[in-house]
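**Student:**
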Ligand SMILES: *Cc1c(COP(=O)(O)O)cnc(C)c1O
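Numbering (the working numbering), first residue to last: 699 to 1050.
1) Per DSSP, which residues does residue 733 bridge with? Please list them.
2) Give every residue of the same chain whose Cβ lies closer than 8 Å to the Cβ of residue 1038, excluding the five residues on either side of it in the sequence, and list them in chain order.
3) What's the gap between the Cα of residue 699 and the Cα of residue 874?
4) Would you say the beta carbon of residue 786 comes nearer than 7 Å to a heavy atom of ligand 3?
5) Closer than 7 Å: is that where the CB of residue 939 sits relative to any heavy atom of ligand 1?
6) Just to check, is the beta-carbon of residue 973 closer than 7 Å to a non-hydrogen atom of ligand 1?
7) Name the two residues that bound the continuous alpha helix (DSSP H) containing residue 1048.
8) Using a Cβ-based criterion (distance less than 7 Å to any ligand heavy atom), does residue 922 qualify as near ligand 1?
9) Over the uninterrupted alpha helix (DSSP H) stretch that includes residue 812, give me the two end residues.
10) For residue 655, which residues in the same chain have their Cβ closer than 6 Å to its Cβ, ignoring the five residues on either side in sequence?
11) Which ranges does the beta strand (DSSP E) cover as unbroken runs of at least 3 residues, wholly within the segment 955 to 991, from first to last along the chain?
12) In terms of residue numbering, what span does the beta strand (DSSP E) encompassing residue 822 cover?
13) Give a yes or no on whether the C-beta atoms belonging to residue 880 and residue 903 are separated by under 8 Å.
14) Which residue or residues does DSSP assign as beta-bridge partners of residue 934?
15) Would you list the one or two residues that DSSP bridges to residue 1028?
16) Could you round the C-beta distance between residue 993 and residue 971 to whole angstroms and report it? I think they count as a contact, below 8 Å.
17) Tell me the DSSP bridge mates of residue 1021?
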């Protein structure tokens, strides 16, 4: 592929697919007697007002979100968690058994799982020891069957931002899709890649309500991309993929951006304090710098520390089997009190 050409990037059968047309697609007014969707006209068991199907395109949430992010509502796709747009991107763009995607380990495991589910080859190009992208190596791994490169920034499980120049180099040098997963962007001192949407038709930015917004149980993920890419995702998604309850709750959250920002501030302050305290311990080899709401901590014996913490009812993530993460634990920043308990347990481990 010499230039970005969306029509040629999409799998041909998706291009010609005629999507399901729901009752709410065919008539979207809000006034009238609705006898078109076989709903229960009497109400909901339990008394909630959930007897009507939700808005299939989530217009109200998108309008608010578009305003907040300074994009058009048509550049927003909402999914059942970030997993949904990731899966839909595979289904729309990557031919099973034939085409491939590139991942940059150590990184979020869902890209590889989703690739496996879709019978798609993953080409792994490891990050540098400083957890940055080796742009040339990535571009060298690309062949004519490569459709997507997944970049996670801030990266999970390492916690660091990926240098913007490297991401821009991939966007420029690769003419498939570059998916930038920004699940943790709220915790970083950095502008979102959303700013580059106008410049790069091959960019997809993923964000989520699961982390900074504190709404993991809702399952609401967001993909920002060109109107054309969003239209493709809308064409193949399940018709009513976001519940009314989720849409209503997200709308309320978006009216309380200040509360999110306050929580982010508190978590970032706790993160920096925790990093300092853990760094000072004998058992700690290093605490990697974090732009996220967790710390990657290298210790003397990760398996043993992990078990010790579990015995003390503190659960962290053992990432020591992951490439470039030898003897490392991924620790989510908790409340001040939870972090104190953690540090106390670490100290007790040292004195045992
Ligand atoms: C937590 C996380 C997500 C969010 O997933 P949801 O399905 O939206 O809850 C996405 N990407 C990364 C890298 C994450 O760590």
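All C-beta atoms in this analysis are idealised placements derived from N, C-alpha and C, irrespective of residue type, glycine included.
Given the structure is predicted, the values throughout are model-derived calculations rather than measurements.
**Tutor:** Inspection of the coordinates gives the following:
1) Paired residue(s): none; residue 733 is not in a bridge.
2) Once the five neighbours on either side are set aside, residue 1038 has no close Cβ partner at all.
3) Bear in mind that a pLDDT of 47 at residue 699, under 50, signals an unreliable position, so the model cannot answer this.
4) Ligand 3 is absent from the structure shown, which contains only ligand 1.
5) no
6) Answer for residue 973: no, Cβ out of range of ligand 1.
7) 1034 to 1048
8) no
9) From DSSP, the alpha helix (DSSP H) with residue 812 extends over 808 to 815.
10) Here the chain covers residues 699 to 1050 and nothing more, so residue 655 does not appear.
11) For the segment 955 to 991, the full-length beta strand (DSSP E) segments reaching 3 residues or more read 982 to 985 along the chain.
12) 819 to 822
13) Yes, Cβ-Cβ distance for residue 880 and residue 903 is below 8 Å.
14) Paired residue(s): none; residue 934 is not in a bridge.
15) DSSP, once it has assigned bridges, lists 994 and 1015 as partnering residue 1028.
16) Rounded, the Cβ-Cβ distance is 11 Å, inconsistent with contact.
17) In DSSP, residue 1021 forms no bridge with anything.
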